[in-house]
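Chains as they are written, first to last, in my numbering: chain A, -11 to 312; chain B, 51 to 399. What follows is a single structure, written as structure tokens, with notes after it.
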Amino acid sequence: MLKSDIRINLLREMKRIRFYEEEIVTRYSEQKMRCPTHLSIGQEGVPAALSQILTKEDLAVSTHRAHAHYLGKGGDGKKFIAEIYGKSTGCSGGKGGSMHLVDLSVGFKGSTAIVGNSIPVGVGLGLAQKLDNTNNISCVFIGDAAVEEGVFYESANFAAVKQLPVLFVCENNQYSVYSPLKVRQPIGRKIFEMVEGIGIPSSHGDGNDVESCYLLLDDIVNNMKKYGGPRFVELDTYRWREHCGPNYDNHIGYRTEEEFLKWKKRDPIAMHLNRLLADKVLDEEAIAAMDIEIKCEVDKAFQFAIESPYPDPKDAYKNIYKEL
Amino acid sequence: MGNLMTFAEAVNDALKVAMHHDQKVLLYGLGVDDPKRIFGTTNELVETFGNDRVFDMPTSENAMTGVAIGAALQGYKSVMVHQRLDFFLLAMDQLVNNAAKWHYMFNGQDCVPITIRLILGRGWGQGPTHSQTLQSWFAHIPGLKVVMPTTPSDAKGLLLASIFDPNPVVFLEHRWLHNTKGEVEEGFYTKELGKSKLLSEGDSATIVSMSYLSIEALHAMDVLEKEGIHCDLIDLRSISPLDRDSIAKSIKKTGRLLVLDNAQSNCSVASEIISYVSTHFFNDLKCAPVKLAAPDYPLPTSFGLTESFYTRSFDIVNTVFGFFNLPPQSATPHSFPHDVPGDWFTGPF
Chain A
-11 MLKSDIRINL
-1 LREMKRIRFY
9 EEEIVTRYSE
19 QKMRCPTHLS
29 IGQEGVPAAL
39 SQILTKEDLA
49 VSTHRAHAHY
59 LGKGGDGKKF
69 IAEIYGKSTG
79 CSGGKGGSMH
89 LVDLSVGFKG
99 STAIVGNSIP
109 VGVGLGLAQK
119 LDNTNNISCV
129 FIGDAAVEEG
139 VFYESANFAA
149 VKQLPVLFVC
159 ENNQYSVYSP
169 LKVRQPIGRK
179 IFEMVEGIGI
189 PSSHGDGNDV
199 ESCYLLLDDI
209 VNNMKKYGGP
219 RFVELDTYRW
229 REHCGPNYDN
239 HIGYRTEEEF
249 LKWKKRDPIA
259 MHLNRLLADK
269 VLDEEAIAAM
279 DIEIKCEVDK
289 AFQFAIESPY
299 PDPKDAYKNI
309 YKEL
Chain B
51 MGNLMTFAEA
61 VNDALKVAMH
71 HDQKVLLYGL
81 GVDDPKRIFG
91 TTNELVETFG
101 NDRVFDMPTS
111 ENAMTGVAIG
121 AALQGYKSVM
131 VHQRLDFFLL
141 AMDQLVNNAA
151 KWHYMFNGQD
161 CVPITIRLIL
171 GRGWGQGPTH
181 SQTLQSWFAH
191 IPGLKVVMPT
201 TPSDAKGLLL
211 ASIFDPNPVV
221 FLEHRWLHNT
231 KGEVEEGFYT
241 KELGKSKLLS
251 EGDSATIVSM
261 SYLSIEALHA
271 MDVLEKEGIH
281 CDLIDLRSIS
291 PLDRDSIAKS
301 IKKTGRLLVL
311 DNAQSNCSVA
321 SEIISYVSTH
331 FFNDLKCAPV
341 KLAAPDYPLP
351 TSFGLTESFY
361 TRSFDIVNTV
371 FGFFNLPPQS
381 ATPHSFPHDV
391 PGDWFTGPF
């Protein structure tokens, strides 16, 4: 059985991610967040689990759907929301937007927008960690479509050849935009089994069961830090909202309401919450207090973003080259 | 005074000096430690610096460029080398979407000091996909620096400057220059990126050139000088940033512009230079600017198809003669075939 404080932290982290994103949903139509946003609602389990495992010295890179990974790694909430609002106080000064998040103070080295594009960068971080003889790891967040990109195989191969401390975390949410897995990969393939064939020890888990996720990932990371080398883990989960934007899109025909409802019953937050209540780790009162605390954090972040100034238009012409 | 060495030896010397200078310099690429050692440019490096810092790599151009970026974010300065530029086209995602933009899109918080050596060439049956010369592609991307040295001394100084520049640099080496010899200074020195060099001076015309074509232009100078025509020969050295000021200064003096480009003509660096001069210094021009570039076709392989594809010194002479209404020279037969840089070159690549 997991310690109570870790179980509570897992709940808090999932709620934190959910509350930030639900607030984006609420305010998106105000037209003040003028960039594409790819929400992780429904997929909070994996980043919350890793938030309790990775240290600030461990590094991470992510994808277009990076909000949860950024927050889970400890990324600053105010700078995150300010970036989506395009403000000078944003984590990328307004130059990146939702898909280019970064917080170097916690080892979140950046997210990029092209599928598969940050994978080799994460492997390069692992190369540096190995050359520097650190005991830290590099975490590469990907989705199920990234393993359809050639660069995944190139990168995984190099990580295996050089035995680099790279953890590939594949959140399989079954869809690439509107394209289901069955039109993209052969029916019956298990991604983690295929990756095992590259020479990387691989595992599989339930991304919506945050406690089992934690146990699996904690074991993998401890194992990496003890024995070195890369690992791959595939975690099943589901994206509740549309690929890009704040809405539900079960009515447009690429997936069914029934499928969505089946996954919604497996809401990672509700499942964990019910377990904590049943085990009397938390009561309703404590949960309400937690909600208020998180809501305050989120409100402050949005207030900060809204009140922050836009960057000076001249800043568009800065940082093209780093000066010697 | 320096030592007389070839361009390839100067590149090798620069790598040695860089790796001694800074433990964080890494070198990788297909064949860096193989028996041929990238035309000799990576001789003795793995023996001196070990295979943690100098290593052969998987045939994965795109991922390995991303690996260089990731390592750069942790303070490593990677030099990658590709024996043919054409293979590096597989790495455009990492070069264009990541290396070129990382510093900008994360608002200057990080930087990507990587150097990508690409070897390009002409002749000897390299054909459509082993001879491309794509400096204008790279120069089109904000955030990249593009370097094309001509002399051994510049090759060393510019390579050292590229390695220790905090930005991604595409370093284009012409295969036909590898055996050329020149004086090279000893030890650590850098030559400023973005600055051209005047290889000869005169007020008759301005010839802007790059890489191997500067050698053809120097041969042309010998002929032109005999006719009393003295030209500014500007060897660009850097394609991006482009030394526009030096070109402008020369044009104000000569009023006549010939630009040589070893790439295809359409949307070339030569086109950009002529556009720049025509737009800003129209009134200084005494005649229409001219460019000599490769035809807008892929390079065919056969010896029988390639003779007209390459700018040679007599093309340069005749173009400058045209500025002064002098009759063209007839092409002088070469002592060696048109598809090799000299008698020493017998293939296979």
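Ideal Cβ placement from N, Cα and C applies to all residues, glycine included. Keep in mind the model is a prediction, meaning the values are calculated, not measured.
N- and C-terminal bounds of the alpha helix (DSSP H) containing residue i
i                      : result
residue 65 of chain B  : 57 to 71
residue 255 of chain B : Here residue 255 of chain B belongs to no alpha helix (DSSP H); instead the beta strand (DSSP E) covers 255 to 259.
residue 360 of chain B : Per DSSP, residue 360 of chain B belongs to no alpha helix (DSSP H) and is neither H nor E.
residue 208 of chain B : 202 to 213
residue 250 of chain A : 245 to 252
residue 294 of chain B : 294 to 304
residue 209 of chain A : 198 to 215
residue 71 of chain A  : 65 to 72
residue 98 of chain A  : Careful: residue 98 of chain A lies outside any alpha helix (DSSP H), inside the beta strand (DSSP E) at 96 to 99.
residue 286 of chain A : 272 to 295
residue 58 of chain A  : 55 to 60
residue 405 of chain B : The shown model of chain B, from 51 to 399, leaves out residue 405 of chain B, and the question about it has no answer.
Rounded distance between the beta-carbons of residue j and residue i, thought under 8 Å
i                      : j                      : result
residue 307 of chain B : residue 370 of chain B : With a Cβ gap of about 11 Å, residue 307 of chain B and residue 370 of chain B do not count as contacting.
residue 320 of chain B : residue 334 of chain B : That pair is no contact at about 18 Å.
residue 204 of chain A : residue 190 of chain A : Their Cβ separation, rounded to whole angstroms, is 12 Å, which puts residue 204 of chain A and residue 190 of chain A out of contact at 8 Å.
residue 76 of chain B  : residue 95 of chain B  : At roughly 11 Å, the Cβ-Cβ gap does not stay under 8 Å, so residue 76 of chain B and residue 95 of chain B are not in contact.
residue 291 of chain B : residue 151 of chain B : Not a contact, Cβ separation roughly 17 Å.
residue 57 of chain B  : residue 256 of chain B : So it is not a contact: roughly 25 Å between Cβ atoms.
residue 31 of chain A  : residue 159 of chain A : 6 Å
residue 209 of chain B : residue 221 of chain B : 6 Å
residue 75 of chain A  : residue 298 of chain A : 6 Å
residue 139 of chain A : residue 112 of chain B : 5 Å
residue 292 of chain A : residue 70 of chain A  : 6 Å
Residue-level contact to chain B via CB, residue i, 7 Å cutoff
i                      : result
residue 309 of chain A : yes
residue 222 of chain A : no
residue 272 of chain A : no
residue 48 of chain A  : no
residue 145 of chain A : yes
residue 116 of chain A : yes
residue 71 of chain A  : no
residue 113 of chain A : yes
residue 34 of chain A  : no
residue 92 of chain A  : yes
residue 139 of chain A : yes
Residue-chain proximity (residue i, chain A), Cβ-Cβ < 7 Å
i                      : result
residue 154 of chain B : yes
residue 117 of chain B : yes
residue 73 of chain B  : no
residue 261 of chain B : no
residue 110 of chain B : yes
residue 158 of chain B : yes
residue 193 of chain B : yes
residue 101 of chain B : no
residue 218 of chain B : no
residue 19 of chain B  : This structure cannot speak to residue 19 of chain B, because chain B is shown only from 51 to 399.
residue 113 of chain B : yes
In DSSP terms, what residue i is bridged to
i                      : result
residue 18 of chain A  : Answer is none; residue 18 of chain A lacks a bridge partner.
residue 222 of chain B : B:168
residue 284 of chain B : B:248, B:258
residue 314 of chain B : B:344
residue 130 of chain A : A:158
residue 233 of chain B : B:54
residue 321 of chain B : According to DSSP, residue 321 of chain B bridges with nothing at all.
residue 222 of chain A : A:158, A:192
residue 103 of chain A : In the DSSP output, where bridge partners are listed per residue, residue 103 of chain A has none listed.
Closer than 7 Å at the beta carbon, the chain E residues around residue i
i                      : result
residue 314 of chain B : Given the protein chain composition of this structure (A and B), no chain E is represented.
Delimiting residues of the beta strand (DSSP E) encompassing residue i
i                      : result
residue 132 of chain B : 127 to 132
residue 48 of chain A  : 47 to 50
residue 195 of chain B : 195 to 197
residue 141 of chain A : Taken as a continuous stretch (DSSP letters only), residue 141 of chain A belongs to no beta strand (DSSP E), being part of the alpha helix (DSSP H) at 138 to 149.
key: Interfacial residues, the segment 119 to 148 of chain B to chain A, with Cβ spacing under 8 Å   = 119, 120, 121, 122, 123, 124, 125, 126, 143, 144, 147, 148
request  = Compile a chain-ordered list of the residues in the segment -4 to 12 of chain A whose CB is closer than 7 Å to at least one CB of chain B.
outcome  = none
Members of the segment 98 to 110 of chain A that neighbour chain B once the beta carbon cut-off is set at 9 Å = 98, 100, 101, 102, 104, 105, 106, 107, 108, 109, 110
key: Interface positions of the segment 73 to 89 of chain A facing chain B (Cβ-Cβ less than 7 Å), listed along the chain   = 80, 81, 83, 84, 88
Members of the segment 141 to 166 of chain A that neighbour chain B once the beta carbon cut-off is set at 7 Å = 142, 143, 145, 146, 149
request  = Check distances from the C-beta atoms of the segment 293 to 318 of chain B to those of chain A and list, in chain order, the residues that come in under 8 Å.
outcome  = none
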